[in-house]
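Trainee: Chains as they are written, first to last, in the working numbering: chain R, 2 to 308; chain F, 2 to 308. Glycine included, C-beta positions come from ideal geometry on N, C-alpha and C.
2 protein chains.
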Amino acid sequence: MPAPARLTAALLLALLPAFAVTAADAAGKPYRSAQQILDASPDSVWRKLDPDRTLYMDLDTGRVVIELAPQFAPEHVGNIRTLAHEHFWDGTSIYRAQDNFVVQFGDVDGEDPAKAKSLGSAKTHLPAEFNRSAKGLDFQKLPDSDGWAKEVGFVDGFPVGRTSPDGTAWLAHCYGTLGAGRNNADDSSIGAELYVTIGQSPRQLDDNITVVGRVVKGMELLSTIKRGPEPMGFYTDPAQRTPIKSIRLASDVPVAERTPLELLRTDSQTFREVAESKRNRVDDFYKRPAGHIDLCNVPLPVRTPKD
Amino acid sequence: MPAPARLTAALLLALLPAFAVTAADAAGKPYRSAQQILDASPDSVWRKLDPDRTLYMDLDTGRVVIELAPQFAPEHVGNIRTLAHEHFWDGTSIYRAQDNFVVQFGDVDGEDPAKAKSLGSAKTHLPAEFNRSAKGLDFQKLPDSDGWAKEVGFVDGFPVGRTSPDGTAWLAHCYGTLGAGRNNADDSSIGAELYVTIGQSPRQLDDNITVVGRVVKGMELLSTIKRGPEPMGFYTDPAQRTPIKSIRLASDVPVAERTPLELLRTDSQTFREVAESKRNRVDDFYKRPAGHIDLCNVPLPVRTPKD
Chain R
2 MPAPARLTAA LLLALLPAFA VTAADAAGKP YRSAQQILDA SPDSVWRKLD PDRTLYMDLD
62 TGRVVIELAP QFAPEHVGNI RTLAHEHFWD GTSIYRAQDN FVVQFGDVDG EDPAKAKSLG
122 SAKTHLPAEF NRSAKGLDFQ KLPDSDGWAK EVGFVDGFPV GRTSPDGTAW LAHCYGTLGA
182 GRNNADDSSI GAELYVTIGQ SPRQLDDNIT VVGRVVKGME LLSTIKRGPE PMGFYTDPAQ
242 RTPIKSIRLA SDVPVAERTP LELLRTDSQT FREVAESKRN RVDDFYKRPA GHIDLCNVPL
302 PVRTPKD
Chain F
2 MPAPARLTAA LLLALLPAFA VTAADAAGKP YRSAQQILDA SPDSVWRKLD PDRTLYMDLD
62 TGRVVIELAP QFAPEHVGNI RTLAHEHFWD GTSIYRAQDN FVVQFGDVDG EDPAKAKSLG
122 SAKTHLPAEF NRSAKGLDFQ KLPDSDGWAK EVGFVDGFPV GRTSPDGTAW LAHCYGTLGA
182 GRNNADDSSI GAELYVTIGQ SPRQLDDNIT VVGRVVKGME LLSTIKRGPE PMGFYTDPAQ
242 RTPIKSIRLA SDVPVAERTP LELLRTDSQT FREVAESKRN RVDDFYKRPA GHIDLCNVPL
302 PVRTPKD
């Protein structure tokens, strides 16, 4: 004892980057894991985050890095840039954490005229930006579809659903999606109260709410926040809220204090190969490759530049 | 100020149980939220957990309640019952937490013959139980399919995929699924090292690993565990592991110390109505009902009995 059957801890679940691969795909081409494909990728398939559309949410536990999507929600992203620039969120909190759903943050007193923080020069009303025209988008279609959208794929690094090339397109709710909280009216969000999804992708929200971006680093700081009471996770004890030190645009932060990151270009052959590698896993662990991948199971690789 | 647009905190994301519903579905029948359907359900559609196939994982933070699935993995569940009965996991730890994937627990020294805990009278080798014959299962098919399985639905409260009524069926990896860690060999799991999924459903593991049950209460204790280092989340500092006080069969626990729970029967009309209510949300919040639901987005309601 132990029998070989106990050799499970380190090798289990086959996500080892250096996983020994002996299998080959049907065409006889050696199978490569996603990590092997990424390790061999040229620098040209990686892009730097644009500091003008990058948010840093600084918590006591570290930094959450968010990429904004002005091409899908220009009005909301504009307002969010104003709010960040004017320090609206500094000293606010994450005041809701609902398991397998969202964390939500902003001014917990936003509903109370006597206590609400000033919105400064941000707009107090915006149009709903649930979707946009699909025309002109560089849409990288996934081979598989799902029941939530006619077509699914990627645009500029974001998971997207669309009705057709000439129809409408919207940002999908996957793990790490940043959305603008709203009331029942579709135009009741202004980007001051935001949420990030932390569980199974709530795709039912797609095209029902304005999505403004996604977390590209630091999800583990949000996903591990103590949950508030059921059913909705709003803390009853204010002491349980997570303080937000600041939310700033990267371009407002001195260069030396920025977090350098590169994202894999979703219009690259490398990205297509990574998705296919996850779609059909042909290695020593998987006995039955799925031959399918859901939009929200496709990894969106991020790396720290070498220098 | 604030403008009505700021009234977002409490009403956002439309999961309020007492949500005021004025809309009606296409047939003119008033729409009811899932919570309204549950509140009006008869006691007969609820079932008590069977203490002989319920595990209590007691942590310093509270109790995780797990329902085992012997109808899908009889050999593994048999071994798990033996291991629990003989206190195998008491004093072990959760030694891995990978964000958006799994927490994993058991004997971290299981690979080291000199340190490994005794397996007692548990078996040291089991057959793989990735799937079983679909025949004889009371399969409640969902109206929608997905790309991971020909058909998806529920059996005895568990999310299940199957090839056909006469083919094979397997437990699907949704949020809270409990699986048996294994090495590359399909028959290398014995149920001593276990994992629970804590993020987007990793359906690519379906029919590739032996699933043994699911968490029915206490997921928030597992999902908030501090993540280990990337890429796989195994802690390098043993102090970061989460101690497991004990894992016991409910039937081995005095009745007064048990956690009474009732689960909605997935073969009930109430369950079908709840799934349909989530599938097509017709309320004041949702502007575009999805007309679809993924297997892992269907809620599996649990309640505490009234007396």
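1. Identify each residue in the region 268-294 of chain F for which the Cβ-Cβ distance to at least one residue of chain R is less than 9 Å, and report them in chain order.
2. Could you name the residues of chain R that F:S202 contacts, counting a contact when the two beta carbons are closer than 7 Å?
3. Can you give the beta carbon distance from R:L60 to R:K246, rounded, assuming they're within the 8 Å contact cut?
4. Could you say which of R:D145, R:T125 and R:A41 lies nearest to R:C297 if we only look at CA atoms?
5. Take R:A129 and list the residues in its own chain whose beta-carbon comes closer than 7 Å to its own, dropping the five residues that flank it on each side.
6. How big is the Cα-Cα spacing for F:L265 and F:S34?
7. Does any CB atom of chain R fall closer than 7 Å to the CB of F:R228?
8. Beta-carbon of F:M58 versus every beta-carbon of chain R: anything under 7 Å?
9. Identify each residue in the region 25-56 of chain F for which the Cβ-Cβ distance to at least one residue of chain R is less than 9 Å, and report them in chain order.
10. Consult DSSP for R:V256 and reduce its assignment to one of helix, strand or coil.
11. Would you mind giving the Cβ-Cβ distance between R:G154 and R:F131, rounded to the nearest angstrom? I have them listed as a contact below 8 Å.
12. Is the shortest distance between the beta-carbon of F:Y176 and the beta-carbons of chain R less than 7 Å?
13. How big is the Cα-Cα spacing for F:P312 and F:A135?
14. Got a sec: is the Cβ-Cβ distance from F:T225 to anything in chain R below 7 Å?
15. Keeping to the same chain, check which residues put their C-beta closer than 6 Å to that of F:T23; ignore five residues upstream and five downstream.
16. Going straight from the alpha carbon of F:L143 to that of F:E152, what length do you get?
17. By DSSP, does F:T305 sit in helix, in strand, or in coil?
18. With DSSP run on the structure shown, which of helix, strand or coil describes R:V22?
19. Between F:D100 and chain R, is there a C-beta pair that is closer than 7 Å?
20. Give the straight-line distance between the Cα atoms of R:V104 and R:L172, rounded to the nearest whole angstrom.
21. If F:T198 and F:T178 are in contact, beta carbons under 8 Å, what's the gap, nearest whole angstrom?
22. Suppose you measure from the CA of R:E76 to the CA of F:T260; what does that come to, to the nearest Å?
23. Note down the Cα distance separating F:T271 from F:K307, rounded to an integer number of angstroms.
24. Give the residues of chain F in contact with R:N80, contact being defined as C-beta atoms less than 8 Å apart.
25. Using DSSP with H/G/I as helix, E/B as strand and the rest coil, what is R:F159?
26. In whole angstroms, what is the alpha-carbon distance linking F:T243 and R:K124?
27. With a Cβ-Cβ cutoff of 7 Å, do R:V320 and R:I67 count as a contact?
28. For chain F, check one thing: does any of its Cβ atoms lie closer than 7 Å to the Cβ of R:E76?
29. So, F:Q205 versus R:A291, is the Cβ gap smaller than 7 Å?
30. Of all the residues that make up the region 203-214 of chain F, which are near chain R by a beta-carbon distance shorter than 9 Å?
31. In this structure, does DSSP put R:I81 in helix, strand or coil?
32. Quick one: does F:W1 have its CB under 7 Å from some CB of chain R?
33. Return the residue from the list F:L223, F:A276 and F:R228 that minimises the CA-CA distance to F:R64.
34. Can you list the residues of chain F that R:D187 reaches, using a CB-CB cut of under 8 Å?
35. In whole angstroms, what is the alpha-carbon distance linking R:D40 and R:Y176?
36. According to DSSP, is F:F106 part of a helix, a strand, or is it coil?
Mentor: Reading it off the structure:
1. Residues passing the 9 Å Cβ filter: K279, R280, R282, D284, D285, F286, Y287, K288, R289, P290, A291, G292, H293 and I294.
2. Ordered by position in chain R, the residues that pass the 7 Å Cβ test against F:S202 are Q201.
3. In this structure, R:L60 and R:K246 form a Cβ contact; the two beta carbons are roughly 6 Å apart against a cut-off of 8 Å.
4. The shortest Cα separation from R:C297 among R:D145, R:T125 and R:A41 belongs to R:D145.
5. Once the five neighbours on either side are set aside, the close Cβ partners of R:A129 are D187, D188 and T211.
6. Between F:L265 and F:S34, the C-alpha separation is close to 16 Å.
7. Under the Cβ criterion of 7 Å, F:R228 is counted among the residues facing chain R.
8. For F:M58, the answer is no, since every Cβ of chain R falls outside 7 Å of its Cβ.
9. Cβ proximity to chain R below 9 Å picks out Q36 from the region 25-56 of chain F.
10. Helix at R:V256.
11. About 18 Å; that fails the 8 Å criterion.
12. F:Y176 belongs to the set of residues whose beta carbon lies under 7 Å from a beta carbon in chain R.
13. Because chain F here runs from 2 to 308, residue 312 of chain F falls outside it and cannot be looked at.
14. Put simply, the CB of F:T225 is near chain R, with a gap under 7 Å to one of its CB atoms.
15. Low local confidence applies: a pLDDT of 43 at F:T23 is under 50, so the model's placement there is unreliable, and no value is given.
16. If you take the alpha carbons of F:L143 and F:E152, they lie about 8 Å apart.
17. Coil.
18. For R:V22, the predicted structure reports a pLDDT of 40, less than 50, and the residue's modelled location is therefore unreliable. The matter cannot be settled from this model.
19. True, the Cβ-Cβ gap to chain R drops below 7 Å.
20. Roughly 18 Å separates the two Cα atoms.
21. With a Cβ gap of about 5 Å, F:T198 and F:T178 count as contacting.
22. Going by C-alpha positions, R:E76 is about 49 Å away from F:T260.
23. Each residue's alpha carbon lies about 19 Å from the other.
24. Chain F residues near R:N80: none, gap ~10 Å exceeds 8 Å.
25. Secondary structure at R:F159: strand, using DSSP grouped into helix, strand and coil.
26. Distance between the alpha carbons of F:T243 and R:K124 is about 46 Å.
27. It is not possible to answer for residue 320 of chain R, since the shown part of chain R is limited to 2 through 308.
28. Under the Cβ criterion of 7 Å, R:E76 is not counted among the residues facing chain F.
29. For F:Q205 and R:A291, yes; Cβs fall inside 7 Å.
30. Listed by position, the residues of the region 203-214 of chain F near chain R (Cβ gap below 9 Å) are P203, R204, Q205, L206, D207, D208, N209 and I210.
31. R:I81 falls in the helix class under three-state DSSP.
32. Because chain F in this structure spans residues 2 to 308, residue 1 of chain F falls outside the shown range and cannot be described.
33. Per the Cα distances, F:L223.
34. Residues of chain F passing the Cβ test: K288.
35. Their backbone Cα atoms lie some 24 Å apart in a straight line.
36. The answer is strand: DSSP assigns F:F106 an E or B state.
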